[in-house]
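Trainee: Dumping the structure here so I can ask a few things about it.
Number of protein chains: 2
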Amino acid sequence: MTTMKATQERAQAKVEYNAFLAACPSRRLLDRISDKWVVLILCALGGDDSPRQPGAAHADAPKAMRYSEISRLLAGVSQKMLTQTLRSLERDGLLTRTVTPTVPVTVSYELTDLGLSLHHMTRGLRSWAQTHMAEVLENRENYDARTS
Amino acid sequence: MTTMKATQERAQAKVEYNAFLAACPSRRLLDRISDKWVVLILCALGGDDSPRQPGAAHADAPKAMRYSEISRLLAGVSQKMLTQTLRSLERDGLLTRTVTPTVPVTVSYELTDLGLSLHHMTRGLRSWAQTHMAEVLENRENYDARTS
DNA sequence: GAGAGAAACTTCCTTTTAGGAAGTAGACAC
DNA sequence: GTGTCTACTTCCTAAAAGGAAGTTTCTCTC
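Residue numbers (our numbering), protein chains in the order written: chain A, 2 to 149; chain B, 2 to 149.
Structural data, given as structure tokens:
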């Protein structure tokens, strides 16, 4: 009972915010992009999985990949999540899904121009992670040592 | 029983991958970065919350913010998640947490240089979202119309 | 001096989400 | 006709997120 007013204000703010959120799709789109499987799939389809020097000029091959190829490359992903994420990316127009009726059906995925433009951003994230990883790990150790 | 071998291979691959994953912190770091609250907090502390023209030269003010300010700005976040995310960002050395023993204790958060460098990347994501939002929404509508 | 109030958290409980394992289709190879 | 392949779907359990209330320590009011 002590924080009645504060709680009420918080609830009020939430209602206002929810309305704002519903009206602000860019926030929601940002939520969708900030998903680890989305970023990893974009990296995979963008075509650089081996650690490469950032800044080096290399072709951004928007290579098409099969379902099983992606699955193998991002081996940590469950089939369910992979399918789910690929579908939502297709829905958003970031990649195309092509079914070839071969012996066992073949499905290939390829980045669209839109997907490729996003890939450029996520590739920045990726190279940031590679560049600053050591620093972050050191910070973590220091922090843990301080607080243990 | 039909997919015994395939399942075994998958399990095998998973074991190998998990070892790889444990040994490859950049993948894990990428997972951490690809978190919606991380991105939003970085945007907040970077100091541009109003929609601004991307590309316009404006100061990247790494302004310090209080807990309650951030909470208000990202009103959708629960207090628990905010505290949790801020702690982990502090642990990673992306921001500093300063406690000032005023009347009710005041805690302020500020991006470090490392955090600021990541902020530049996430700001790119943000502006991408704002730029291409309309296109994505259109794609979604088309997709839903096609598959309904 | 009893009570309210404020900031920044915790704690507890519920709901949503992700992950893992197994099942499905349909054509072919043996 | 049993096994195998790809690209899924379904089901169930485990982990994470969300919401609401409680906690602490001080100070100001009446």
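Backbone N, C-alpha and C define an ideal beta-carbon position, used for all residues, glycine too.
So residue 36 of chain B contacts chain A; which residues on that side make the cut at Cβ distance below 7 Å?
Mentor: Taking the second sequence and counting its residues from 1, the one referred to as residue 36 of chain B is at position 35. In chain order: 35.
Trainee: Is there a Cβ of chain A sitting closer than 8 Å to that of residue 83 of chain B, yes or no?
Mentor: The residue you call residue 83 of chain B lines up with position 82 of the second sequence. Chain A contact via Cβ: absent.
Trainee: Which same chain residues, not among the five before or five after residue 40 of chain B, have their C-beta less than 7 Å away from its C-beta?
Mentor: Here residue 40 of chain B refers to the residue found at position 39 when the second sequence is read from its first residue. Excluding positions up to five away in sequence, the list reads 123 and 126.
Trainee: For the beta strand (DSSP E) holding residue 1 of chain A, just list the boundary residues, first then last.
Mentor: Lying before the first or after the last residue shown, residue 1 of chain A is absent from chain A, which here runs from 2 to 149.
Trainee: At the level of alpha carbons, what is the spacing between residue 84 of chain A and residue 102 of chain B?
Mentor: Position 83 of the first sequence, counting from 1, holds the residue named residue 84 of chain A. Position 101 of the second sequence, counting from 1, holds the residue named residue 102 of chain B. One C-alpha to the other measures close to 51 Å.
Trainee: Once DSSP output is grouped into helix, strand and coil, what is the label at residue 78 of chain A?
Mentor: As a working note, residue 78 of chain A is residue 77 in the first sequence. DSSP places residue 78 of chain A outside both helix and strand once states are collapsed to three, so it counts as coil.
Trainee: Looking at the structure shown, is residue 96 of chain B part of a helix, part of a strand, or coil, going by DSSP?
Mentor: What you label residue 96 of chain B is simply residue 95 of the second sequence in a count that begins at 1. Reduced to three states, the DSSP call for residue 96 of chain B is strand.
Trainee: So what's residue 148 of chain B in DSSP terms, helix, strand or just coil?
Mentor: To locate residue 148 of chain B, count along the second sequence from 1; it is residue 147. Residue state, collapsed to three classes: helix.
Trainee: For the alpha helix (DSSP H) holding residue 45 of chain B, just list the boundary residues, first then last.
Mentor: Counted from its first residue, the second sequence places residue 45 of chain B at position 44. Counting along the chain, the alpha helix (DSSP H) containing residue 45 of chain B begins and ends at 37-47.
Trainee: Measuring CB atoms only, is the region 92-100 of chain A touching the region 87-95 of chain B, in the sense that at least three cross pairs come out at less than 8 Å?
Mentor: no
Trainee: In whole angstroms, what is the alpha-carbon distance linking residue 71 of chain B and residue 111 of chain A?
Mentor: In the second sequence, residue 71 of chain B corresponds to position 70, counting from 1. In the first sequence, residue 111 of chain A corresponds to position 110, counting from 1. About 39 Å.
Trainee: I need the straight-line Cα distance from residue 78 of chain A to residue 119 of chain A, nearest angstrom please.
Mentor: Here residue 78 of chain A is taken as the residue at index 77 of the first sequence, counted from 1. Here residue 119 of chain A is taken as the residue at index 118 of the first sequence, counted from 1. CA-to-CA, the gap between residue 78 of chain A and residue 119 of chain A works out to about 21 Å.
Trainee: For residue 65 of chain B, tell me which candidate among B:131, B:117, B:30 and B:121 has the shortest Cα-Cα distance.
Mentor: Taking the second sequence and counting its residues from 1, the one referred to as residue 65 of chain B is at position 64. Nearest of B:131, B:117, B:30 and B:121 to residue 65 of chain B, Cα basis: B:117.
Trainee: Going along the chain, which residues of the region 103-119 of chain A sit with their C-beta nearer than 8 Å to a C-beta in chain B?
Mentor: If the cut-off is 8 Å between Cβ atoms, the region 103-119 of chain A has 115, 118 and 119 near chain B.
Trainee: For residue 86 of chain A, is the classification buried or exposed, using 16 other Cβ atoms within 10 angstroms of its Cβ as the cut-off for buried?
Mentor: Position 85 of the first sequence, counting from 1, holds the residue named residue 86 of chain A. Result: buried.
Trainee: For residue 84 of chain A, which of helix, strand or coil comes out of DSSP?
Mentor: The residue given as residue 84 of chain A occupies position 83 in the first sequence. DSSP places residue 84 of chain A in helix when its eight states are reduced to three.
Trainee: Alpha carbon to alpha carbon, what distance is there between residue 131 of chain A and residue 31 of chain B?
Mentor: Within the second sequence, the letter at position 30 stands for residue 31 of chain B. Within the first sequence, the letter at position 130 stands for residue 131 of chain A. One C-alpha to the other measures close to 9 Å.
Trainee: Consult DSSP for residue 132 of chain A and reduce its assignment to one of helix, strand or coil.
Mentor: Working through the first sequence from its first residue, we reach residue 132 of chain A at position 131. Three-state DSSP puts residue 132 of chain A in a helix.
Trainee: For a test of the three-state rule: what should DSSP assign to residue 101 of chain A, helix, strand or coil?
Mentor: Taking the first sequence and counting its residues from 1, one reaches residue 101 of chain A at position 100. The answer is strand: DSSP assigns residue 101 of chain A an E or B state.
Trainee: Within 10 Å of its beta-carbon, does residue 135 of chain B have 16 or more other beta-carbons around it, so buried, or fewer, so exposed?
Mentor: Taking the first residue of the second sequence as position 1, residue 135 of chain B is located at position 134. Exposed, because fewer than 16 other Cβ atoms sit within 10 Å of the Cβ of residue 135 of chain B.
Trainee: Do residue 109 of chain B and residue 67 of chain B have their C-beta atoms within less than 8 Å of each other?
Mentor: One-based indexing of the second sequence puts residue 109 of chain B at position 108. One-based indexing of the second sequence puts residue 67 of chain B at position 66. It is a contact, given that the beta carbons lie within the stated cut-off.
Trainee: Does any C-beta atom of chain B lie closer than 8 Å to the C-beta of residue 165 of chain A?
Mentor: Nothing about residue 165 of chain A can be read from this structure; chain A reaches only from 2 to 149.
Trainee: Residues of chain B with a CB under 8 Å from the CB of residue 136 of chain A: which are they?
Mentor: What you label residue 136 of chain A is simply residue 135 of the first sequence in a count that begins at 1. In chain order: 94 and 115.
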